[in-house]
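Notes follow the structure.
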Amino acid sequence: MNLELSEEQAAVKELARDFTEREIVPHAAAWDRAESVDRAIVKKLGALGFLGLTIDEEYGGSGGDHLAYCLVTEELGRGDSSVRGIVSVSLGLVAKSIAYWGTEEQRRAWLPRLTSGDAVGCFGLTEPGTGSDAANLTTRAVRDGDDYVITGSKMFITNGTWADVVLLFARTGGAEGHRGISAFLVPTDTPGLTRREIHGKLGLRGQATAEIVLDGVRVPASAMLAPEGKGFSVAMSALAKGRMSVAAGCVGIAQACLDAAVDYAGRREQFGVPIARHQLVQELLADIAVDVDAARLLTWRVADLIDRGQPFATESSVAKLYAGEAAVRCANNALQVFGGYGYVDEFPAGKLLRDARVMTLYEGTSQIHKLLIGRALTGVSAF
């Protein structure tokens, strides 16, 4: 793998950095306090092609490779991980799944809208009683003539109240476990579908996280994505790539921690000198820097494998596990550099720590990824 960015990749990174500095960084603290990102950001992301990365231009996408996608999600994560989540889910989980699994009709219907920002997607897998145990979800879709009728609920759904379409997973037929799950594209204005935004989150406060309830939601059979019973494969393939996106977002958080801590350490004086001159402060900064580089390289490895058509699922788990835990360490170390001021939301350290903490929980907890890595190493399932 050549670690030098191409001219196109460097240009994409610079574009994302400029956008983040101009459109996200000045507003991130206010959005966090208000528990709401300005929805106008979606169209701005679409206008720059950030919602269409890796999607064919034929369907409204902006093309590019997965490393370019990582560069953009890293920069967005550096500015505000709530914004990064919009792209990771609407593009990374939903649009990419439609591009890979969808019929030509489904691609034509949804991809131009999703890539432009005219529509937003959400990923309806997690339920109130099934997080890590996704194969045992209880939402059901019952065949009724040419339709399916869906009943159940989903929890902690990113973009949930903003979304125009849900990539929804429900049990069809009588098979238990992952074999009985199918995927559907469900417009959120379908009768019987209601949404409730979840407030009071520890972090990612600006993100529209929701509970979705489906009470007799009727969709045509043509809304099914992939063959019946293949829904779990759709979900797992989406999450394997999605974990790379989350890892890239974690790199962004870690980089924001490094930038903020180095800047503060150079300005804050104690004992008559900037605290950057104190060895133990330098140790904190060094630890952050090492975590940033290690997490970035692990994430770039996943992008390289995907772009070369090589297996990447285990490497994606490695990157997500390391980057998620590293983001928490980096934020904690940055807060230590800031001292008491790190506990005040006029400074960025507290928000970075709160936003980092969920990274060890969603799209596979750290413990789940350790099990996946262990199974890949030994060939023995721990489940």
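Residue numbers (numbering that gives the first Met the number 0): 0 to 382.
Just so it is clear, CB atoms sit at the ideal spot from N, CA and C, and this is done for glycine as well.
Inter-residue Cα distance where the pair is residue i and residue j
i       : j       : result
Val-71  : Arg-356 : 21 Å
Glu-196 : Ile-149 : 21 Å
Thr-377 : Val-119 : 40 Å
Ser-80  : Gly-144 : 43 Å
Leu-167 : Glu-324 : 29 Å
Gln-309 : Met-235 : 16 Å
Leu-92  : Ala-246 : 14 Å
Gly-393 : Asn-1   : Lying outside 0 to 382, the shown extent of the chain, residue 393 is not represented and no answer is given.
Trp-30  : Ser-380 : 43 Å
Ala-255 : Asp-290 : 12 Å
Ile-23  : Tyr-342 : 22 Å
Buried/exposed call for residue i, threshold 16 Cβ in 10 Å
i       : result
Asp-64  : buried
Lys-42  : exposed
Ser-388 : Residue coverage of the chain in this structure runs from 0 to 382, which leaves residue 388 outside it and unanswerable.
Gln-278 : exposed
Pro-347 : buried
Arg-106 : buried
Thr-137 : exposed
Gly-199 : exposed
Thr-102 : exposed
Limits of the unbroken alpha helix (DSSP H) element including residue i
i       : result
Arg-328 : 312-337
Thr-72  : 65-78
Gly-251 : 230-266
Gly-123 : First-last for Gly-123: 120-123, but that is the beta strand (DSSP E), not the alpha helix (DSSP H).
Ile-287 : 278-306
Lys-350 : 348-356
Ile-367 : 365-377
Ser-380 : Premise fails: Ser-380 is in no alpha helix (DSSP H) and is neither H nor E.
Ala-9   : 6-18
Cβ pair residue i, residue j closer than 9 Å
i       : j       : result
Leu-52  : Gly-60  : yes
Ile-367 : Ser-87  : no
Gly-230 : Ala-275 : no
Glu-362 : Arg-204 : no
Asp-163 : Asp-188 : yes
Leu-351 : Ala-318 : no
Cβ-Cβ separation, residue j to residue i (assumed contact under 8 Å), whole Å
i       : j       : result
Pro-219 : Asp-146 : 6 Å
Leu-14  : Leu-47  : 6 Å
Gln-206 : Thr-171 : That belief does not hold up - the Cβ atoms of Gln-206 and Thr-171 are roughly 30 Å apart, past 8 Å.
Trp-100 : Val-233 : 5 Å
Val-336 : Leu-283 : 5 Å
Thr-19  : Leu-110 : The pair is not a contact, with the Cβ atoms about 25 Å apart (cut-off 8 Å).
Residue i - containing beta strand (DSSP E), residue span
i       : result
Asp-143 : 139-143
Val-216 : 208-219
Glu-196 : 192-196
Phe-49  : Here Phe-49 belongs to no beta strand (DSSP E), and DSSP marks it neither H nor E.
Ile-97  : No beta strand (DSSP E) holds Ile-97; the alpha helix (DSSP H) holding it covers 95-100.
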